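At position 364 of the sequence shown the residue is numbered 375 (the working numbering), and the sequence of numbers has no breaks. We treat Cβ as the ideally placed atom computed from N, Cα and C, and that holds for glycine. Predicted model, so just to flag it, every value in this text is computed and none were measured.
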Amino acid sequence: MITVDEALAHILERARPVGARLVPLEESLGLVLAADITSDVDSPPHDKSIVDGYAVIADDLRSGPAQLAILEEVVAGALPRAAVTSGSATRIMTGAPIPAGADAVVMIEQTALVDRHGSGLGAVAINDPDVRAGRNIVRRASVMRSGDVVLRRGVVVRPAEIGLLAEVGRAQVDVVPRPTVAVLPTGNELVDYCCLPAAGQIRNSNGPMLAAAARNAGAEPMLLPIARDDETDLRQKIATGLDADVLLLSGGVSAGVLDLVPRVLADLGAREVFHKVRLKPGKPLWFGTVEREDRMTLIFGLPGNPVSSFVCFELFVRPALARLRGEEAATGRRAQARLECDHQQRGDRQTFFPAKFRLNEAGEPRVQPVDWQGSADLRGLVEANALVAFAPGDRLYAAGETVEVVLLSGW
């Protein structure tokens, strides 16, 4: 058996980003940029006011309050027609261009209109003790200049990135598309989750769980019908799953009489990379690949017990999907935390134990193993938001010791 780290290294070596493609801006949310993005405009496109007020010459107010003739009013989207000269001011709205000659803006709250018997726009009395050049003005291109790289390849597109992409005129965006993941639960004992199990049967919980995990990891899942422990049925459904970027099989990879998956995969041209990992839960994990023309399908034969299947997904499948999505960091979400209670570890395999991770009042990470009854205990797993990594061997971990944790979604 190989170690967890060795298994992950084998997987990531073979996980290559899906080929990039152009998609409409509104479809790029959650995807990874496949190329740098440059701006085609200056932002702001002109010197602009950040308040409603009056554009003035700061020197006119150096000696204190003054009355200035109002030349015109400029709103956002309009252009000034007159230059501000000594003794004058332009009424200006937030976002409007600064007129020539002005070098400061006084907030409207520091001003009062003065009646000049209806001639022109009248005058404004300014009583602001702190008028200086540059006040309340954002200079042209202070945010970005035309030609600047504003987003780098490898960035995940969030709503803020959508806004920036729109600002620089990207109606289409070069991204790495979501990898496709086929999920194939196997086993004669399985029935659909909407059915009442008969004696000797259990509901298919792994299929929906793994499809949800794949979607949560940024992939596009396809849940296939349950495959029976029959070579013909397995071959047909596995062949369908091999059209995806990743195939997740649940069950059929241990050493039982009906654990037929590795044999069927070999018949379909799959190359085994490793089988079994020094891991608890998750020892039976099988990993291999199928190469067809210019694409490779990654195949994970996950254990049938649900928590084993889930742990293998978090440790191995999620990082592989991150790499396929074009993300630079693909080693999982790891952290260090102090144990909040003693924990007795037993066994010759590295154990990933479901746990609750939190930050205490001082912001320090803490973790506590949950009441978990083993690899079939999904009820215990739902109490967890992390997995604690315990080294192989029999040992008592004392409260306060620092341990490594894998953070789960929504911790």
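Contact check, residue i vs residue j under 8 Å by CB: the rounded distance?
i             : j           : result
serine 386    : leucine 313 : Rounded, the Cβ-Cβ distance is 12 Å, inconsistent with contact.
leucine 36    : alanine 177 : 6 Å
glutamine 361 : leucine 290 : 6 Å
valine 186    : alanine 31  : 6 Å
Using C-beta distances below 7 Å, list every residue in its chain close to residue i, excluding the 5 sequence neighbours before and after it, in chain order.
i         : result
serine 99 : Leu79, Ala80, Leu82
Taking the straight line between their C-alpha atoms, what separation do you get for residue i and residue j?
i              : j              : result
leucine 296    : methionine 12  : 10 Å
asparagine 138 : isoleucine 119 : 10 Å
arginine 164   : alanine 77     : 53 Å
alanine 209    : aspartate 203  : 12 Å
leucine 235    : aspartate 16   : 30 Å
glycine 133    : arginine 150   : 29 Å
valine 135     : glycine 41     : 51 Å
serine 97      : aspartate 126  : 20 Å
valine 288     : leucine 19     : 10 Å
glycine 391    : alanine 366    : 9 Å
valine 52      : glycine 374    : 42 Å
aspartate 256  : aspartate 58   : 50 Å
glycine 211    : asparagine 199 : 10 Å
proline 403    : threonine 308  : 32 Å
proline 380    : proline 232    : 31 Å
Got a sec? Which residues, its chain only, sit under 8 Å from residue i by beta carbon, not counting five neighbours each side?
i                 : result
threonine 197     : Ile237, Ala238, Arg239, Asp240, Leu245, Leu260, Ser261, Gly262, Gly263, Val272, Gly315
valine 116        : Ser60, Ile61, Val62, Gly64, Tyr65, Ala66, Val67, Ile103, Ile109, Arg146, Asn147, Ile148
valine 161        : Ile48, Thr49, Ser50, Met155, Leu175, Val179
valine 275        : Glu242, Leu245, Arg246, Ile249
valine 166        : Val43, Leu44, Glu172
phenylalanine 368 : Ala346, Ala348, Pro376, Arg377, Val378, Asn396, Ala397, Val416, Leu418, Trp422
glutamate 338     : Val43, Gly165, Val167
proline 219       : Tyr204, Leu234
phenylalanine 327 : Ala18, Leu19, Ile22, Leu296, Phe298, Phe311
Residues in the same chain with beta-carbon distance under 6 Å from residue i, minus the five sequence neighbours each way, listed in chain order, please.
i              : result
leucine 201    : Asn215, Ile237
alanine 409    : Asp353
alanine 93     : Leu82, Glu83
alanine 111    : Ala94
asparagine 217 : Pro196, Ser261, Pro317, Ser320
alanine 87     : Met104, Gly106, Ala107
glutamate 280  : A quick correction: the sequence has glycine, not glutamate, at residue 280. Same-chain partners within the cutoff: Val301.
Within 10 angstroms of the Cβ of residue i, are there 16 or more other Cβ atoms? Answer buried if so, exposed if not.
i             : result
glycine 229   : buried
cysteine 205  : exposed
aspartate 382 : exposed
aspartate 270 : buried
alanine 113   : buried
serine 39     : buried
proline 140   : exposed
leucine 370   : exposed
glycine 299   : buried
aspartate 405 : exposed
leucine 72    : buried
arginine 169  : exposed
arginine 306  : exposed
glycine 293   : buried
Is the Cβ of residue i closer than 9 Å to any Cβ of chain D?
i           : result
alanine 255 : Absence of chain D from the displayed structure is noted, only one protein chain being present.
Contained beta strand (DSSP E) runs [length at least 3] in the segment 202-269, N- to C-terminal order: 231-234, 257-261
3 or more residues per run - each beta strand (DSSP E) lying fully within the segment 327-380: 345-350, 354-356, 361-370, 376-380
Could you name each continuous alpha helix (DSSP H) segment of 4 residues or more that falls completely within the segment 375-416, going from the start of the chain to the end? 389-392
What are the start and end residues of each continuous beta strand (DSSP E) run of 3 or more residues lying completely inside the segment 76-126, in chain order? Listed in chain order, they are 77-85, 99-103, 115-118, 122-125.
Quick check on the DSSP output: what are the complete beta strand (DSSP E) runs of length 3 or more inside the segment 123-183, in order along the chain? 134-137, 160-162
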